[in-house]
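Each number in the working numbering corresponds to the 1-based position in the sequence shown with 721 added.
Quick reminder that beta carbons are idealized off the backbone N, C-alpha and C, glycines included.
Below is one structure, written out as structure tokens; comments come after it.
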Amino acid sequence: MFTAIRSWISRLGAPKRASASAPSLRRNTDTLLPFDLVKEKIHIRGWRYLGFREVEIEKIVGSVDRYQDFSRAFLPKQADQGRLRRIKRAMEREEALPPVRLYKVGEIYFVEDGHHRVAAARERGAKFIDAEVTEFIPNVPLEPGITDRELLIKAEYSEFLRQTKLQELRPGARIEFSDLGKYRVLLEHIEVHRFFRAKEEGREIPFQEAVVSWYDNVYKPLVEAFRKTRILDFFPGRTEADLYLWVSEHLHQLRRWLDPGIGPKEAVEDFVDRLEALIREAALTNPAPFRGAS
722 MFTAIRSWIS RLGAPKRASA SAPSLRRNTD TLLPFDLVKE KIHIRGWRYL
772 GFREVEIEKI VGSVDRYQDF SRAFLPKQAD QGRLRRIKRA MEREEALPPV
822 RLYKVGEIYF VEDGHHRVAA ARERGAKFID AEVTEFIPNV PLEPGITDRE
872 LLIKAEYSEF LRQTKLQELR PGARIEFSDL GKYRVLLEHI EVHRFFRAKE
922 EGREIPFQEA VVSWYDNVYK PLVEAFRKTR ILDFFPGRTE ADLYLWVSEH
972 LHQLRRWLDP GIGPKEAVED FVDRLEALIR EAALTNPAPF RGAS
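Now the structure itself:
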């Protein structure tokens, strides 16, 4: 584990690269985000009609059925140029135009009707547009600027929440990773915790009970222990959940080789000590990235 962290420290300031083996959405990323793709990847808990309102144009990033006709910035690619010019002239003359129809998912919007009106308004520098909005409520947050890779991570998170019911069992709990494939590891952690609980108590532990027990007695104490340190500051772009996996692996090794009674607080302290030693070692070799660090 610390070999991987040593490698991370040596690359401080370098951008993260997607793994060559990471799954792909296999689409042209300059096109608008397809609504059906998001609905396929993200679990929708319900929908509601929001009615008429002004919507920030920067948050309109997708389309229901014309995602290939416009770029992600709503520049026309296969759009009707004549229609676009007519709409722009109507806007310049301040003629009344019907509201566009949008689907809202999280904090992003998809055009159901009115693509040319959105494109024309954006080209003219408008910040808002009148819209009739229907909201589809996802079980994970979605924000403007989401990349395809981030959408895949959100899809994994969405499936994790569907399986564990963590949102219902522990409202407000957020476990977000910066890499793909990590929620599968969390499910393994829950199953291991469930196994040992069953062994200790001599009964079968229901999965949902194991989820709550793991969150309350394993995940949360470990996260709270390293929240009291500045350890996450050393890993820009990483999350508390990323660090949980690192520190939980470290805790497992300490319990295996030193003392089965070692707790989260001691594991975090030892992890931080080792991390600081690695940083001092790296700073001696290449001090530039660490100047001014406290």
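According to DSSP, is serine 745 helix, strand or coil? Here the model assigns serine 745 a pLDDT of 46, short of 50, so the residue's position is not dependable, and the following value carries that caveat. Residue state, collapsed to three classes: coil.
Asparagine 749 versus asparagine 938: straight-line alpha-carbon distance, rounded: Reliability of the predicted coordinates at asparagine 749 is poor, the pLDDT of 49 falling under 50, and the value obtained from them is presented with this limitation in mind. When rounded, the distance between both Cα atoms is 44 Å.
Closer than 6 Å by C-beta to histidine 764: which residues in its own chain qualify, once you throw out the five before and the five after it? Chain order, please. Asn860, Ser879 and Arg883
Once DSSP output is grouped into helix, strand and coil, what is the label at glutamate 922? helix
Nearest to phenylalanine 849 by alpha carbon, out of Phe791, Ala841 and Glu761? Ala841
DSSP state of alanine 817, grouped into three classes? coil
DSSP bridge partner residues for serine 969 (one or two, in chain order): DSSP, once it has assigned bridges, lists no residue as partnering serine 969.
Measuring CA to CA, which of His914, Lys949 and Glu921 is closest to tyrosine 936? His914
From what residue to what residue does the beta strand (DSSP E) around glutamate 945 run? No beta strand (DSSP E) contains glutamate 945, which is instead part of the alpha helix (DSSP H) from 941-948.
Closest to glutamate 909 by CA distance: which of Ser969, Asp757 and Ala894 is it? Ser969
Start-end ranges of the beta strand (DSSP E) lying completely within the stretch 830-870, minimum 3 residues: 849-859
So what does lysine 825 bridge to, in DSSP terms? Tyr830 and Glu856
Any idea what DSSP makes of isoleucine 765, helix, strand or coil? strand
How is valine 759 classed by DSSP in three states: helix, strand or coil? helix
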